[in-house]
Amino acid sequence: MKMAKRIWMLGALAAFALTAGAEPPKLASVFSDYMVIQRDAPVTVFGTADAGKAVTVTFDNESRTVRASRDGRWSADFPAIEAGGSHVISLLADGTPLRTLAEIAGGDVFLCSGQSNMEWPVSAAIYGAGEVASAENPNIRLLAVSQVGATSPQVSLPEGDRWKVSSPESAAGFSAICYFTGRAIEKEYGVPVGLIDSSWGGSRIEPWISEASLAADGTNGDALAILKRYREDPPAGLALYAKQWTDWWRSHEDFDDREPWTGDTSLDWQPTPDYRVSDWQTWGVPELADFHGLVWHRMSFTLTPEQAASAATAHLGGMDDVDVAWLNGTAIGATYGWGTPRVYDVPPGTLRAGENVVVVNVDNTWGPGGMTGPDEEMYLSLADGSTVSLAQGWTWLKVPPEAGRPKPAPWFPIQGYSILYNSMIAPLGSIRLKGALWYQGESNAGEGEAYESLLNLLIGDWRAQFGADLPAMVVQLPRYGAPPSAAGTDGWGTIRESMRRVARRDDRTSIVVTIDTGDPLDIHPPNKQEVARRMVRLVRSLVYGEETVGPSGPEVAGVLRAGNVVRVDWMGVEDGLKTISSNQPVGFEACSADGDCQYVTGSVNGAAVMLYLPEGAPADEIRYCQGDAPLCNLFDGNGLPAGPFREPVVTNDQ
Numbered sequence: 001m002k003m004a005k006r007i008w009m010l011g012a013l014a015a016f017a018l019t020a021g022a023e024p025p026k027l028a029s030v031f032s033d034y035m036v037i038q039r040d041a042p043v044t045v046f047g048t049a050d051a052g053k054a055v056t057v058t059f060d061n062e063s064r065t066v067r068a069s070r071d072g073r074w075s076a077d078f079p080a081i082e083a084g085g086s087h088v089i090s091l092l093a094d095g096t097p098l099r100t101l102a103e104i105a106g107g108d109v110f111l112c113s114g115q116s117n118m119e120w121p122v123s124a125a126i127y128g129a130g131e132v133a134s135a136e137n138p139n140i141r142l143l144a145v146s147q148v149g150a151t152s153p154q155v156s157l158p159e160g161d162r163w164k165v166s167s168p169e170s171a172a173g174f175s176a177i178c179y180f181t182g183r184a185i186e187k188e189y190g191v192p193v194g195l196i197d198s199s200w201g202g203s204r205i206e207p208w209i210s211e212a213s214l215a216a217d218g219t220n221g222d223a224l225a226i227l228k229r230y231r232e233d234p235p236a237g238l239a240l241y242a243k244q245w246t247d248w249w250r251s252h253e254d255f256d257d258r259e260p261w262t263g264d265t266s267l268d269w270q271p272t273p274d275y276r277v278s279d280w281q282t283w284g285v286p287e288l289a290d291f292h293g294l295v296w297h298r299m300s301f302t303l304t305p306e307q308a309a310s311a312a313t314a315h316l317g318g319m320d321d322v323d324v325a326w327l328n329g330t331a332i333g334a335t336y337g338w339g340t341p342r343v344y345d346v347p348p349g350t351l352r353a354g355e356n357v358v359v360v361n362v363d364n365t366w367g368p369g370g371m372t373g374p375d376e377e378m379y380l381s382l383a384d385g386s387t388v389s390l391a392q393g394w395t396w397l398k399v400p401p402e403a404g405r406p407k408p409a410p411w412f413p414i415q416g417y418s419i420l421y422n423s424m425i426a427p428l429g430s431i432r433l434k435g436a437l438w439y440q441g442e443s444n445a446g447e448g449e450a451y452e453s454l455l456n457l458l459i460g461d462w463r464a465q466f467g468a469d470l471p472a473m474v475v476q477l478p479r480y481g482a483p484p485s486a487a488g489t490d491g492w493g494t495i496r497e498s499m500r501r502v503a504r505r506d507d508r509t510s511i512v513v514t515i516d517t518g519d520p521l522d523i524h525p526p527n528k529q530e531v532a533r534r535m536v537r538l539v540r541s542l543v544y545g546e547e548t549v550g551p552s553g554p555e556v557a558g559v560l561r562a563g564n565v566v567r568v569d570w571m572g573v574e575d576g577l578k579t580i581s582s583n584q585p586v587g588f589e590a591c592s593a594d595g596d597c598q599y600v601t602g603s604v605n606g607a608a609v610m611l612y613l614p615e616g617a618p619a620d621e622i623r624y625c626q627g628d629a630p631l632c633n634l635f636d637g638n639g640l641p642a643g644p645f646r647e648p649v650v651t652n653d654q
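Using the working numbering, the first residue of the sequence shown is number 1, and each one after it goes up by one.
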């Protein structure tokens with residue numbers, strides 16, 4: 001009897017412990033007051049709870065009781081709702097109300113994602129002050145997703161993210177293109193509009209794609225293996241990446257067989273000013289005055305045998321943008337971040353009695369950067385609480401710019417793999433969307449041919465998560481950088497072509513042509529209203545099914561050669577083609593199969609352009625409006641530019 005009582009008491013205590021430590025059921029964080037739920041589509045409310053836990057979800061006057069699955073997730077389905085209304089969602093468990101959300105509207109929801117030109121805020125657009133002042137609109141709701149990375153998919157959005165009614169306060173820092181597009185949609189269709197801004201300046205496309213999609217592509221195996229190892233065991237993952245980094249260095253023809261990360265004293269290390277760190281562009285060294293690239297930094301310090309045997313943490317101060325750090329030839333850390341302090345645990349056995357050497361390779365890609373201190377944030381912290389300063393004694397060594405850059409660490413937030421998808425897309429769960437807007441590519445422009453496959457993966461991810469028929473609207477990169485001085489110049493033309501090819505094959509994807517809206521001297525053209533105006537034109541056609549002539553402007557329809565004349569036909573032309581600042585269209589190139597190109601002259605003939613080739617000139621491909629910042633003067637009567645293209649030539653006898 002006593003044994004039975006004891007067993008019962010132990011069971012009761014165990015049950016109490018499980019109950020006391022259990023997490024209460026939650027609504028997914030994408031649900032909050034003032035949100036917009038996609039109208040005219042089944043409503044799915046979802047969240048988390050302990051496996052097997054029963055929860056009751058009420059949407060207005062209807063209730064559903066469901067149980068959490070083995071992975072702790074639950075969902076409840078409700079009938080579609082119309083536009084408008086003020087809906088209420090409640091969550092209960094064991095008869096106890098846990099949370100109630102109110103002021104929820106039915107409407108159209110759009111996801112806006114990409115890098116800095118999508119992130120660019122309303123306040124910084126042209127006429128920004130006036131746009132912000134007039135942003136009060138209860139029919140527009142905004143969800144700005146905070147910039148956080150994660151090495152595995154997250155259930156919740158970053159802490160504090162929630163829906164807000166559009167106001168001067170909430171709109172000022174919100175994506176300008178997203179906001180201006182949503183504002184026009186709300187005005188034209190009279191429905192509540194929910195806008196989700198999930199963007200991060202400088203980000204490549206790979207961080208926005210799920211790990212499963214990148215793995216299925218079959219070309220990212222090495223990076224994903226390192227990421228998986230880092231997720232499970234950060235020091236081991238760092239060691240794998242450090243080997244990849246040093247293998248890149250050893251294989252590079254611009255470098256000899258010496259290894260700077262070991263602190264090799266035979267290299268031509270130069271002293272930093274006062275042997276302290278700071279932005280290398282301020283040192284007064286001509287070769288570093290405007291340098292953006294890789295610079296080695298080296299310093300040494302001395303430890304006693306007792307100190308060398310201690311556990312330690314290296315505090316290396318702020319850095320901008322990317323660093324890889326070694327201590328006595330062992331990698332101790334690699335981070336991407338603008339000025340964020342670097343604090344790295346030192347692996348056991350790394351320190352040694354006597355001289356120790358810290359070497360840091362810093363890659364600065366934009367503006368000021370390098371190692372920036374300050375002195376008081378640069379020290380070795382030992383287990384007994386004592387410190388050894390790492391602030392002085394620094395020397396430097398420039399890496400030749402023609403050497404290029406090694407691959408970034410897979411866990412870097414805006415340069416790695418799946419990191420932003422995990423934290424800024426995955427937590428949106430299975431909410432329904434009306435459409436998705438994408439403005440990115442500047443950071444991938446140097447690898448434009450690979451972008452075609454990556455963009456397909458991204459759009460596939462969106463559709464797997466938010467609906468198989470999701471419309472995707474892609475902003476094609478505007479002109480930026482040097483105008484091409486010779487035919488055959490690729491530059492940003494390659495990535496624009498990759499975007500065009502994706503849209504050409506997918507009737508639920510289209511591009512917004514912006515080749516004429518850029519600024520060769522400013523990678524962030526501030527006229528976001530014009531980009532949004534063109535986006536809305538596309539939305540009317542692709543999302544709302546309106547009959548629109550050339551929603552993306554004139555698009556090449558075919559290229560036919562007869563003798564020395566090539567006819568370029570266009571579709572989507574409104575009110576005919578026209579040229580500006582010249583009687584002739586400029587920017588056309590005739591290219592041979594091996595890539596030799598020459599500029600060719602032409603004339604407009606209705607909805608076609610006639611190109612005139614020199615006698616016997618090869619023309620296997622016709623290109624238009626190529627390079628970084630081309631001068632293109634072909635438009636339709638509506639003022640939309642003819643889109644850049646590269647198209648094979650068909651001869652009239654084929």
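Note that the Cβ used here is the ideal one computed from N, Cα and C, for glycine as well.
Between the alpha carbons of Gly545 and Gln147 lies a distance of about 34 Å.
Taking all protein chains shown into account, Pro644 has 16 or more neighbouring C-beta atoms within 10 Å of its C-beta and is therefore buried. Nearest C-alpha to Ser116 among Val475, Pro554, Gly606, Asp254: Val475. In this structure, the straight-line span from the alpha carbon of Ile515 to that of Pro641 is close to 7 Å. In the three-state scheme derived from DSSP, where H, G and I count as helix and E and B as strand, Gln281 is classed as helix.
By the criterion of at least three beta-carbon pairs nearer than 8 Å, the segment 398-418 is in contact with the segment 243-252. For Tyr344, the enclosing beta strand (DSSP E) has its first and last residue at 340-346. DSSP, read as helix, strand or coil, puts Pro271 in strand. Excluding sequence positions up to five before and after Val109, its CB lies within less than 6 Å of the CB of Val36, Gln38, Gly194, Leu433, Lys434, all in the same chain and listed in chain order. By the Cβ-count criterion, Arg204 is buried, with 16 or more other Cβ atoms from all chains shown falling within 10 Å of its own Cβ. Secondary structure at Asp290: coil, using DSSP grouped into helix, strand and coil.
Of the candidates Leu577, Arg623, Pro618, the residue whose Cα lies closest to the Cα of Ala607 is Leu577. Counting only runs of at least 4 residues, the segment 462-513 fully encloses the following alpha helix (DSSP H) elements, listed from N- to C-terminal order: 493-505.
Per DSSP, the beta-bridge partners of Asn364 are Gly293. Inter-segment contact for the segment 549-559 and the segment 571-585 is present: three or more beta-carbon pairs are separated by less than 8 Å. Taking 9 Å as the cut-off, the beta carbon of Tyr612 is found closer than this to the beta carbon of Val565. In the three-state DSSP reduction, Pro614 falls in the coil class, being neither helix nor strand.
Residue pairing from DSSP places Gly602 in a beta bridge opposite Leu611. Minimum Cα-Cα distance from Asp384 among the listed residues Ala334, Glu447, Ser310 corresponds to Ser310. Within the DSSP secondary-structure output, Glu555 pairs in a beta bridge with Met571. Counting only runs that start and end inside the segment 62-143, the beta strand (DSSP E) elements of at least 3 residues fall at 62-67, 73-78, 84-93, 96-114.
Minimum Cα-Cα distance from Phe588 among the listed residues Ser69, Asp290, Tyr599, Thr151 corresponds to Tyr599. Ranked by Cα distance from Trp120, the first of Ala172, Ala486, Pro413 is Ala172.
Between Val539 and Ile185 a beta carbon distance of about 6 Å is seen, short of the 8 Å cut, so the two are scored as contacting. For Leu454, same chain residues with a beta-carbon under 6 Å away, outside a window of 5 residues either side, are Ile205 in chain order. Relative to the Cα of Asp628, the nearest Cα in the group Gly595, Arg646, Pro585, Thr489 belongs to Thr489. Around Ser498, the same chain offers Gly448, Glu449, Tyr451, Glu452, Leu455 as residues with beta carbons nearer than 7 Å, after the five sequence neighbours per side are excluded. Closest option to Phe59, judged by alpha-carbon separation, among Gly52, Glu103, Arg70, Ala68: Glu103. Leaving aside the five residues that flank Leu542 on each side, the residues in its chain whose CB is nearer than 6 Å to its CB run, in chain order, Pro471, Ser510.
With contacts defined as CB atoms closer than 9 Å, Gln626 and Ile126 fail to qualify as a contacting pair.
Ranked by Cα distance from Val122, the options Val359, Leu351, Val559, Ser134 are led by Ser134. Counting every other CB atom within 10 Å of its CB across the protein chains shown gives Ile209 a total of 16 or more, marking it as buried. By the Cβ neighbour-count rule, Arg537 is buried, with 16 or more other Cβ atoms within 10 Å of its own.
With contacts defined by Cβ atoms closer than 9 Å, Val88 and Asn139 do not form a contacting pair. The way I'd put it, the segment 295-306 does touch the segment 356-365; three or more beta-carbon pairs between them come closer than 8 Å. Only buried fits Asn220, as 16 or more other CB atoms lie within 10 angstroms of its CB.
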